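As structure tokens, the structure follows; a few thoughts come after it.
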Amino acid sequence: MSEQTAAAAIDIRATSKIYGVNRATGVVALDEVSLVIEDNEFFTLLGPSGCGKTTLLRLIAGFEQPSQGEILLFGEHLEGLPPFKRPVNTVFQHYALFPHMTVAENISFGLEMLGKKADEIAATVSEVLALVQMEQLADRKTNQLSGGQQQRVALARALAPRPKVLLLDEPLSALDFKLRKEMQVELKRLQNETGITFIFVTHDQEEALTMSDRVAVMRDGLILQVGKPRDIYDHPARRFVADFIGDINILKGKLLSKDGAEASVELDAGYQGKASLPESSENLAEDISIAIRPEQLSLVDDSTAASFSGSIREISYFGSGSDYEVTLSTGEVVTLRLQNRSDVNHAHQVGDRVYLLVAVGSMQILAD
Amino acid sequence: MTKTTDLRYQPGFSLITWFCIAFLYAPIAVLVWFSFNQNRSVTVWTEFSLDWYVKAWHNEGIQNAALVSLEVAVIAMILSTIMATMAALVTTRTAPYRGLNLSVAVINQPLMVPEVVTAVATLIFFAIIKQATGVTGIGYLIAAHTAFCIPFAYMPIRARLEDMDLSLEQAGADLYAPPFKVFRRITLPLMMPGILAGAMLAFIVSLDDVIITLFVAGPGETTLPIYILGQIRRGVTPEINAVSTVFLGISVILVTFIFLFGKGKNLGKQ
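The listed protein sequences derive, respectively, from chains L and C. Counting in the working numbering, the final residue of the first sequence is number 368, and the numbers go up one at a time with none missing. Counting in the working numbering, the final residue of the second sequence is number 1270, and the numbers go up one at a time with none missing.
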């Protein structure tokens, strides 16, 4: 019993999924992935299409069986359990609402299948309808609903049986921008209110950063990095993660010395400072790649001891700020992002010689 | 599309259109027209009457033939639709396997084989069985009709299943419905329009059939088309026109239903 209460919501142990006969000739969708998702977490699987994130979700739901490895749900093995015996529910990418049923019938379907009593079902249906603010539409057919409303019904239907884990397969991808923003807030609220563990799959890095407690970045069937959104954004361990999440400059440099989690580095462009080391730093060569976010750079007009120089190649204005592309002495081009505040003079022109400063603690050494 | 490139504004468009319509429907229009002729002639119009319909209704030969046709068509429809439904489920709801395309081809093959070949083959095959077992009866005719109706019933059911979003059934399983419940509560209701369309198609095809019936039907198993064929050999009267017009009416009504059922698209696919 004590082990069960301490168990993680989902414990994925060295799990692989291979489509085809074997590893050599088949397609490896998931390659010995291990991952622990805690109870009551909003956890996001983030990656480009084909990275294995949806496969992982389908393994948890039971629509696919792993080729190797095992998955535990609150300490219990899921192996061999068909989807209808797993206490997890899915919000499908295109909602998959039953077109021949009303909103209320859709939501009560799972409860009926669990053998709940009619009055209990009615109570739960109105409760979850209120939760997603759809009380008035209970008797509508699902094809009379807008995309956002269908989304809410899909959520209500999946939440109604009170699953131990809710799986969301890119549920916001079919919505327009404004509605997507609204639903992001809504999902986060639902997760807080229900206390159910959410596993959310997306290829949208902004979505992942906004909503998640933790994010796993995936590529080619592997998990590259797991961490809080802020850690992943500020300290991407690998070039792919750095590139995939937000905008970033990757500059060449030299490793001078290591000191705990930090190192002294020198950019080839002529700047010395401290940078964070990636988790596995043993194999780092002297030549390294250093990542700096555009907003961590600033411009000064005059040379100081801490600055390095370049010339402005292009300025792109986007309202709240502007991106400056600066060509460095090495030929490398960095982008820096400045806020367009009225109290700051931005009289720079293309071709101007400028000096750059790097915010303290913002440089990250990449593992590859 | 501009006025100059739209096909409807090309020279001769309406001429060709009217020719095609006349080509397709003029004979039928003439047939229907003369079914209301008071005269015995099917070519010379005198005045309107429903006499031939009344006469046909009281004709015992036509009554019997219509009953045989109905019996065969209804039973063949039910049997072929059940088999076609099962075939459609197997060919759309299993993981792709070697020979899947072959299975589909085998199911549809009767559509490609010349009907007279099927007819002769069925005749010989049944003759062997009859000789071996001594069993006779209308069962043979029903079996033959069931067989050639299957591909017709199969097509709309399969089309419906292929249009259906597979994630609907997954959603059912995800919401704790075991496979049989998923079938009964989700797959079956959603494929029902396809099943009804398939059943009606099978019914019409059976009702219409001449060649196979001509070969397989035994004495006392005269269907309506066979009866009409026999009557025409003795000279055409507007009575035949009247029977044919009723037949036509039934077909048009059923085809309209098939069309309407087939249209109810919404299958959750985005």
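The beta carbon of each residue, even a glycine, is placed where N, CA and C say it ideally should be. Computed from a prediction, not measured in an experiment: that's the story for all the values here.
- For L:R13, the secondary structure class from DSSP, reduced to helix, strand or coil, is strand.
- For C:Q1231, the uninterrupted alpha helix (DSSP H) segment begins and ends at 1224 to 1233.
- Between the beta-carbon of L:T90 and that of L:D169 there is about 6 angstroms, and that keeps the pair under the 8 angstroms contact cut.
- The shortest C-alpha to C-alpha distance from C:A1217 to any of C:S1244, C:L1141, C:A1153, C:I1075 is the one to C:L1141.
- Counting only the Cα atoms, L:V103 lies some 60 angstroms from C:A1132.
- Residue range 177 to 194 is occupied by the alpha helix (DSSP H) that includes L:Q191.
- With at least 16 other beta carbons inside 10 angstroms of its own, C:C1149 counts as buried.
- Cβ contact annotation for L:V358 (same chain, cutoff 7 angstroms, sequence separation greater than five): Y271, G273, I292, Q296, L297, in chain order.
- Nearest Cα to L:E38 within the set L:L159, L:G148, L:G75: L:G75.
- P82, P83, F84: these are the residues of the region 65 to 84 of chain L whose beta carbon lies less than 8 angstroms from some beta carbon of chain C, given in chain order.
- For the region 95 to 128 of chain L, residues whose beta-carbon sits nearer than 7 angstroms to a beta-carbon of chain C comprise A96, L97, F98, P99, H100, F109, G110, M113, L114.
- Contact annotation: the region 217 to 225 of chain L touches the region 25 to 34 of chain L, with at least three C-beta pairs closer than 8 angstroms.
- Where L:D323 is concerned, the enclosing beta strand (DSSP E) starts and stops at 321 to 328.
- Using a CB distance cut-off of 8 angstroms, C:P1027 does not count as an interface residue toward chain L.
- For L:K274, the enclosing beta strand (DSSP E) covers residues 271 to 276.
- In the DSSP assignment, L:A29 falls within the unbroken beta strand (DSSP E) covering 27 to 37.
- Counting the other Cβ atoms within 10 Å of the Cβ of C:N1241 gives 16 or more, which makes it buried.
- Distance check between L:P83 and each of C:K1055, C:L1175, C:T1092 places C:L1175 closest, using alpha-carbon atoms only.
- Between the region 223 to 237 of chain L and the region 194 to 204 of chain L, the count of C-beta pairs closer than 8 angstroms stays below three; the two stretches do not touch.
- Within the region 53 to 134 of chain L, the complete beta strand (DSSP E) runs of at least 3 residues fall at 68 to 73, 88 to 91.
- Assigned with DSSP and collapsed to three states, C:K1055 falls in helix.
- Against chain C, the beta carbon of L:T90 has neighbours under 8 angstroms at Q1170, A1171, D1174, listed in chain order.
- Non-local beta-carbon contacts of L:S280 in its own chain, meaning distances under 7 angstroms to residues more than five positions away in sequence, involve A367 in chain order.
- Under the DSSP assignment, C:T1118 falls in the alpha helix (DSSP H) whose first and last residues are 1115 to 1133.
- A distance below 6 angstroms between beta-carbons, with the five flanking residues on each side excluded, links L:S303 to the following residues of its chain, in chain order: Y355.
- Proximity of the region 173 to 182 of chain L to the region 50 to 68 of chain L falls short of the contact definition, fewer than three beta-carbon pairs being nearer than 8 angstroms.
- The alpha-carbon of L:N106 is positioned some 10 angstroms away from that of C:G1172.
- Between the region 1148 to 1168 of chain C and the region 1109 to 1118 of chain C, the count of Cβ pairs shorter than 8 angstroms is three or higher; the stretches touch.
- Close CB contacts of L:P163 within its chain, under the 8 angstroms cut and outside five residues either way in sequence, are with P87, V88, N89, I196 (chain order).
- According to DSSP, C:N1037 shares a beta bridge with C:F1048.
- With 16 or more neighbouring CB atoms inside 10 Å of its own CB, L:R152 falls in the buried class.
- For the pair L:N143 and L:Q191, the Cα-to-Cα distance works out to about 27 angstroms.
- Taking a contact as a CB-CB distance under 8 angstroms, the pair C:R1158 and C:T1092 counts as one, their CB atoms being some 6 angstroms apart.
- Interface with chain C (8 angstroms Cβ-Cβ cutoff): L:P161 is included.
- A Cβ-Cβ contact shorter than 8 angstroms links L:L255 with L:I288.
- Taking C:V1032 as the centre and dropping the five residues before and after it, the same chain places the C-beta of T1245 closer than 6 angstroms to its C-beta, in chain order.
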